Amino acid sequence: MAFLELLFPDNDPITKILRRIANIAGRVGIEVYLVGGVIRDRILGYPTKDIDIMVIGNGIEFARQIAHSFRLKKVLEYPKFGTAMIPYHDIIIEVATARSEKYDSNSRKPRVSESDLMQDLARRDFTINALAMSLNNETLFQLMDYFEGLKDLDAGIIRTPLDPVKTFSEDPLRILRAIRFATRHGFKIEDKTFRAISRVKERMEIVSQERITDELIKILNVSNNPSRGFYLMKESGLLNIILPEIVVMDGVDQRNGFHHKDVFQHTLQVIDNVSRVSSKFELRFTALVHDIAKPLTKKYIDGKGWTFHGHEELGAKMIKQFCKRLKMSNKIMEYAMKLTRLHLRPIAIAVEGVTDSAVRRLIVEAGDDVEDLVKLCRADITSKNPRKITEYMNNFDRVVNRIVEVQKKDKLRAFQSPIRGDEIMMYCGLKPGPQVGYIKKAIEEAILQGEISNTYNNAKEYLEENKDRLLKESQEKFN
Ligand code: ATP
514 MAFLELLFPD
524 NDPITKILRR
534 IANIAGRVGI
544 EVYLVGGVIR
554 DRILGYPTKD
564 IDIMVIGNGI
574 EFARQIAHSF
584 RLKKVLEYPK
594 FGTAMIPYHD
604 IIIEVATARS
614 EKYDSNSRKP
624 RVSESDLMQD
634 LARRDFTINA
644 LAMSLNNETL
654 FQLMDYFEGL
664 KDLDAGIIRT
674 PLDPVKTFSE
684 DPLRILRAIR
694 FATRHGFKIE
704 DKTFRAISRV
714 KERMEIVSQE
724 RITDELIKIL
734 NVSNNPSRGF
744 YLMKESGLLN
754 IILPEIVVMD
764 GVDQRNGFHH
774 KDVFQHTLQV
784 IDNVSRVSSK
794 FELRFTALVH
804 DIAKPLTKKY
814 IDGKGWTFHG
824 HEELGAKMIK
834 QFCKRLKMSN
844 KIMEYAMKLT
854 RLHLRPIAIA
864 VEGVTDSAVR
874 RLIVEAGDDV
884 EDLVKLCRAD
894 ITSKNPRKIT
904 EYMNNFDRVV
914 NRIVEVQKKD
924 KLRAFQSPIR
934 GDEIMMYCGL
944 KPGPQVGYIK
954 KAIEEAILQG
964 EISNTYNNAK
974 EYLEENKDRL
984 LKESQEKFN
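Heads up, the final residue of the sequence shown is numbered 992 in the working numbering, and it's a clean run with no missing numbers.
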């Protein structure tokens, strides 16, 4: 009791909401509980996002009573599931009828029927998610812990309340949820539960790709150490099923100056490195896929060791297919393709000599994502040799300094020819068509090569001086 009061102090806005709900329950004489992730997250010190209320009886009717008492008009009702959602300031109060579930073997969507507290908690995925707190007068704020969830929270263990094989095969999405919670909290998946994952992993075929992708995104986002989730997926055999494109990196040797681990371990290290400096999902995802083509491009060259010639270009193509299969958005796909295509460029510039035109080209091609690219490249250094690390990082510093200098000088971020297409058409007497693009490209190229500076006047002068040549060239090319 005292323990829960510590978690829900009187002056806390969530406590105030819970007390109001408890009062309504007392008034209408219905049994209600706080359930779901709130209790788990409070104990672990995470902020409360949403409130899940379970009602022994008609959840939708109780939701209407809450809304009435809180003077809220909007209640979203889902009679098929016996649930309702009430948006309240920046949280959502979700109210559900206590239920038990029955599954058919070809679907993860259960048939539900009304039940009591115990049955409702038993159908939940993990003991740490099967805690309830009473919102009833005599037992107000008492913890209902039928499956030793508190003990598991304390010991850092993910375990199903009932038989794990049954739990996972009924709704295989729970497998990914187990991995997500283990990754988020650095918890261990209890042995029996983990063995069950290996046993029923093939059942993932009844889960839609959207739901799988949604969980993968969360696994990459929930901690600064996402590699843990990927090692768990690998170890249980799940990775073979849901990410065959990634599992083929396992065992692909790549020992040379830069990397001392195989491609899979290296990739996971890069994800963690990037996650320590950025919470941006797109960048974490790119870390996962940036070496996706290494297994296919691998070649051993005497005196050089393993090479992966062209893996950045082929990788970009493979990412397109991969993102389509995962049903990722085009925005993420294009970002990952771009950064993968460019991920060797900064180091190449550093090694071959940092010229203005090479730096300019990189800034233009990377656009607004140039800083992310540098983060990825730094994260890509997974050597254990401190001397080499220092050398590579210094190289990057040199490139970054030049990027900043050139950016300042050229204001290149949103680069395109300072002379627009219509002006080229007017000045050269052209109709819309590929000749205009050719001339525009030639102006951009002159700026990138450093022949002229990135200003309207210089570009105009360049066009005047080169008009005849450019017209002739473009005519030969396109007519
Ligand atoms: P988060 O919001 O971080 O995902 P959460 O635990 O609140 O954590 P929700 O998806 O909001 O997760 O689900 C609320 C509760 O419903 C969970 O705590 C769990 O008890 C139960 N639950 C959710 N999904 C499942 C599932 N697939 N199988 C069984 N129980 C589930």
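Note that beta-carbon positions come from the ideal geometry of N, C-alpha and C, so glycine has one too. Just so you know, these numbers come straight off a predicted model, no measurement behind them.
Cut-off 8 Å between Cβ atoms - residues of its own chain near residue i, not counting five sequence neighbours on either side
i: Glu661; result: Thr640
i: Ser791; result: Arg797, Asp885, Lys888
i: Arg693; result: Glu728, Lys731, Ile732, Val735, Gly742
i: Glu518; result: Phe654
Contacting residues, own chain, Cβ-Cβ under 7 Å from residue i (five flanking each side not counted)
i: Arg915; result: Val867, Val872
i: Asn971; result: Ile965
i: Met514; result: For Met514, the predicted structure reports a pLDDT of 48, less than 50, and the residue's modelled location is therefore unreliable. A value from the coordinates is still provided. Counting only Cβ-Cβ distances below 7 Å, and skipping sequence neighbours, we find Phe654, Gln655.
i: Lys705; result: Pro677
i: Leu984; result: Cys941
i: Thr726; result: Leu839, Lys840, Met841
Proximity to residue i [Cα-Cα], best of the options
i: Glu574; options: Leu557, Ala609, Ile556; result: Ala609
i: Leu557; options: Ser682, Met746, Arg697; result: Arg697
i: Asn738; options: Leu781, Gly750, Lys812; result: Leu781
i: Met646; options: Tyr559, Gly570, Ala535, Met938; result: Ala535
i: Tyr969; options: Arg624, Ile932, Glu957, Pro945; result: Ile932
i: Gly764; options: Tyr546, His779, Leu666; result: His779
i: Leu751; options: Val802, Glu795, Leu686, Leu801; result: Leu686
i: Asp882; options: Thr853, Ile860, Gly572; result: Thr853
i: Glu974; options: Ser788, Ser930, Lys615; result: Ser930
i: Ile530; options: Asn907, Ala800, Glu614, Asp603; result: Asp603
i: Leu663; options: Gly550, Tyr616, Lys562; result: Gly550
i: Ile707; options: Tyr744, Ala643, Ser842; result: Correcting the residue type first, residue 707 is Phe in the shown sequence and not Ile. Among Tyr744, Ala643, Ser842, the Cα nearest to that of Phe707 is on Tyr744.
i: Ala668; options: Lys701, Arg636, Thr652, Asp523; result: Lys701
i: Ala580; options: Ile537, Glu936, Asn907; result: Ile537
i: Tyr813; options: Gln767, Gly539, Glu715; result: Gln767
i: Ser626; options: Ile754, Phe594, Met598; result: Phe594
i: His824; options: Asn907, Lys807, Lys817, Gly818; result: Lys807
i: Lys679; options: Arg724, Arg555, Tyr616; result: Tyr616
i: Gly950; options: Ser842, Asn967, Asn908, Glu986; result: Glu986
i: Gln722; options: Lys851, Arg838, Phe516; result: Arg838
i: Lys922; options: Gly818, Asp815, Asn967; result: Asn967
i: Leu644; options: Thr673, Glu651, Arg624, Pro623; result: Thr673
Span of the beta strand (DSSP E) around residue i
i: Val625; result: 624 to 627
i: Ile894; result: No beta strand (DSSP E) contains Ile894, which DSSP labels as neither H nor E.
i: Ala645; result: 645 to 647
i: Thr820; result: 818 to 820
i: Lys615; result: 612 to 615
Residue i vs residue j beta-carbon contact at 8 Å
i: Asp633; j: Arg612; result: yes
i: Ala691; j: Ile671; result: yes
i: Asp684; j: Arg621; result: yes
i: Leu857; j: Ala879; result: no
i: Tyr559; j: Leu585; result: no
i: Met567; j: Val548; result: yes
i: Ile805; j: Phe835; result: yes
i: Glu795; j: Ala849; result: yes
i: Ile605; j: Gly570; result: no
i: Ser749; j: Ile710; result: yes
i: Asp658; j: Glu607; result: no
i: Lys714; j: Ile754; result: yes
i: Leu666; j: Arg553; result: yes
i: Ile862; j: Val912; result: yes
Start-to-end residues for the alpha helix (DSSP H) that takes in residue i
i: Thr706; result: 704 to 713
i: Thr810; result: 807 to 810
i: Phe654; result: Note, Phe654: premise wrong, no alpha helix (DSSP H); not H, not E.
i: Glu964; result: Element bounds for Glu964: n/a, residue is neither H nor E.
i: Met831; result: 824 to 839
i: Glu758; result: 757 to 760
i: Glu683; result: 677 to 683
i: Asn737; result: Neither: Asn737 is in no alpha helix (DSSP H) and is coded neither H nor E.
i: His698; result: 686 to 698
i: Gly764; result: No alpha helix (DSSP H) holds Gly764; DSSP gives it neither H nor E.
i: Pro937; result: Per the sequence presented here, residue 937 reads as Ile, with Pro not at that position. Run containing Ile937: 934 to 941, per the alpha helix (DSSP H) assignment.
i: Asp785; result: 776 to 790
i: Gly662; result: 662 to 668
i: Val720; result: No alpha helix (DSSP H) contains Val720, which DSSP labels as neither H nor E.
i: Thr799; result: 794 to 802
Sequence-distant residues of its chain with Cβ nearer than 6 Å to residue i (five each side left out)
i: Tyr905; result: Ile894
i: Leu756; result: none
i: Ile527; result: Thr561
Exercise. Report the residue ranges of all beta strand (DSSP E) runs contained in full by the segment 534 to 610; include only those spanning at least 3 residues, in chain order.
Key: Counting only runs of 3 or more, we get 544 to 548, 564 to 569, 589 to 591, 596 to 601, 604 to 610.
Practice problem: Report the residue ranges of all alpha helix (DSSP H) runs contained in full by the segment 856 to 887; include only those spanning at least 4 residues, in chain order. | Solution: The segment 856 to 887 contains these whole alpha helix (DSSP H) runs: 858 to 865, 869 to 879.
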